[in-house]
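What follows is a set of notes on a single structure, which appears directly below.
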Amino acid sequence: MKNLLFISLIISFFLTINAQEDKSKKQIYPSAPNFNLDFLNYKSDETGKSRVDLFVQVPYTNIQFVKVDDKFVGKYSVNLTMFNEDKSNIISNDIWEEVVTANSFNQTSTSKNFNLSLRSFQLAPGNYFVRCIVEDVDSKRNVTSEHTLEVMPFDTQVSISDLLLITELVETESGKRIVPNISQTVESMDEVINFYYELYSDEEKDIKIEYGIRDKNENQNYTHTIEKKLYKGTNEIYGSLQYPSFTFGEYELVVKVTNLNDSLIAGIGKSFYARVIGIPRSITDLQKAIDQMLYIAESSEINHIMNSESFQEKLERFLEFWEVKDPTPNTKVNEAMLEYYRRIDHANRNFEAYRREGWQTDMGMVYVSLGPPDYIDRHPFAVDSKPYEVWDYYNLNRQFVFIDYTGFGDYRLVNRDYRDLNRYRY
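The working numbering puts the first residue of the sequence shown at 1089, with every later residue one more than the last.
Next comes the structure, spelled out in structure tokens:
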């Protein structure tokens, strides 16, 4: 992939039903500009080093767009710092700004659209620590993502790069154009998963390549084997694997390279998620999503879902619950489900406390049940009292006071009047 294979973003534009209301003004805890990262190891031309390609994908829905003439313009910065394994030394620090232009407001508000950045690094094999900060230039909102990175050596007779998942592969006169799948998700209705990787060989030889798909229980329930001739140097391989159907959950694509006697030479894996159309991307674990229905479902409704005899039945009952609450049943988008799990995701990002996810805290309970408050009065450094916050909901004529008794950000609800909290407000 030395020339990046003409990586192309083919973006479709759709209308979004939720575009009518701008919630940014009343969302006192604004959502951060969430993004996806993917690191890919390739053999380098530099002796003793490997090439690492870093993709940063930011959905349009997480960019603050400003109208400029007849266009909508959004800007965000990326601050990427690479450390050695124990974080004692900075290996590199790259900062750049991305400018995104959309022709209409509808283009800015659909989750199908995204902006993609690519940076390449030449690194010695070993372990590294990576910190990536994406900040929206207009709103100043930012989010930090931290990862450990293993850089592979590629020093064996036959070695394999990382796997790049592909959303779309287009043949053109100038070559193949790739639309990378950086979010690493597929739809449950998809029957094909496409990917790209490289094999490096010191000599020409015949090999076998086994493709497999494992589910979250590590059951390899699908395999496909091909025979291939390897040439000396870099062999670019585009793989396409048919799979009967993906159900909701986590999978792993596995590639094994063997000689003709079936002795393993090299192998690599790549995790990805299968999602059901209409289910928010933030949901990656069905069981957890059911547990999180605490603020909108009766215990009997949750038990009905939990008592399913199979995973598929559990998924169907989960979807049936949300279908009843869908305000626009004739569309593919279930706004009620999207909003509920948006609040869950927002609570997890903002209200996490010791040994509890954000949605399980008192602040998370209020936020998920009632939505963002109309006004927040914060006192994080009060001299004569513990840190506290006051949330006001004007339409409900309600006020909630939270106190951080420990000083570690674990805010507890003082006036534990659960009136209005036992009914979810959409």
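Note that CB positions come from ideal geometry on N, CA and C, so glycine has one too.
Worksheet item: Taking DSSP as the reference, what is the three-state secondary structure of glycine 1357?
Response: strand
ask   = For isoleucine 1365, does the three-state DSSP call read helix, strand or coil?
value = coil
Span separating the alpha-carbon of arginine 1431 from that of glutamine 1375:
18 angstroms
**Asked** From glutamate 1052 to serine 1192, what distance separates their C-alpha atoms?
**Response** Outside the displayed range of the chain (1089 to 1514) lies residue 1052, so it cannot be described from this structure.
Which residue from Val1156, Phe1488 and Gly1214 puts its Cα closest to that of methionine 1453? Phe1488
Fill in: Separation of isoleucine 1491 from leucine 1128, as counted between CA atoms
Taking the straight line joining both Cα atoms gives about 45 angstroms.
### Task
Please state whether DSSP places glycine 1136 in a helix, a strand or coil.
coil
Query raised in the report: First and last residue of the alpha helix (DSSP H) that includes asparagine 1436?
Result: 1423-1438
Checklist entry - Can you name the start and end residues of the alpha helix (DSSP H) that threonine 1196 belongs to? => result 1193-1196
For this session: Please say whether threonine 1346 and glutamate 1292 have beta carbons closer to each other than 8 angstroms?
Result: no
* Given serine 1197 as reference, the closest of Val1156, Asn1167 and Pro1147 once Cα atoms are compared -> Pro1147
Tell me the residue span of the alpha helix (DSSP H) that contains asparagine 1391.
1387-1394
Check each candidate in Leu1403, Pro1460, Met1451 and Ser1387 and name the one with the smallest Cα separation from glutamate 1427. Pro1460
Valine 1412 classed as buried or exposed, judged by whether at least 16 other C-beta atoms fall within 10 angstroms
exposed
Let me confirm a value: lysine 1344 is counted as buried when at least 16 other C-beta atoms fall within 10 Å, else exposed. Which label applies?
buried
Could you tell me which residues DSSP puts in a beta bridge with threonine 1260?
Gly1263
* Cα-Cα separation, glycine 1495 to serine 1289 -> 58 angstroms
Give the straight-line distance between the Cα atoms of isoleucine 1179 and valine 1231, rounded to the nearest whole angstrom. 21 angstroms
### Option nearest aspartate 1278 by Cα separation, candidates Phe1360, Glu1306 and Val1258
Phe1360
Margin query: Classify arginine 1444: buried if its beta carbon has 16 or more other beta carbons within 10 angstroms, exposed otherwise.
Written below: exposed
So who's on the other strand from proline 1268, going by DSSP bridges? Paired residue(s): Ile1254.
My output table needs one value for isoleucine 1105: the three-state DSSP class, helix, strand or coil. Residue placement at isoleucine 1105 is flagged as unreliable, the pLDDT there being 26, under the threshold of 50; the coordinate-derived value follows with that caveat. The three-state reading of DSSP puts isoleucine 1105 in helix, counting H, G and I together.
Cα-Cα separation, isoleucine 1281 to threonine 1311: 13 angstroms
### Message
Need the endpoints of the alpha helix (DSSP H) that leucine 1407 sits in, please.
### Response
1399-1413
- prompt: Taking DSSP as the reference, what is the three-state secondary structure of leucine 1458?
  reply: helix
- Give a yes or no on whether the C-beta atoms belonging to glycine 1355 and isoleucine 1254 are separated by under 8 angstroms. no
- Does the beta-carbon distance from histidine 1467 to tyrosine 1455 come in below 8 angstroms? No. Outside cutoff.
Checklist entry - Is methionine 1170 closer than 8 angstroms to valine 1218 when the C-beta atoms are compared? => result yes
Alpha carbons only, please: which of Thr1149, Gly1263, Phe1123 and Gln1245 is nearest the one belonging to glycine 1162? With distances taken between Cα atoms, glycine 1162 lies closest to Thr1149.
Find out if the Cβ-Cβ distance for the pair leucine 1318, phenylalanine 1283 is shorter than 8 angstroms.
At a Cβ-Cβ threshold of 8 angstroms, leucine 1318 and phenylalanine 1283 do not count as neighbours.
Note to self: Given this structure, state the Cα-to-Cα distance separating isoleucine 1365 from asparagine 1194, to the nearest angstrom.
What the structure shows: CA-CA distance, isoleucine 1365 to asparagine 1194, rounds to 20 angstroms.
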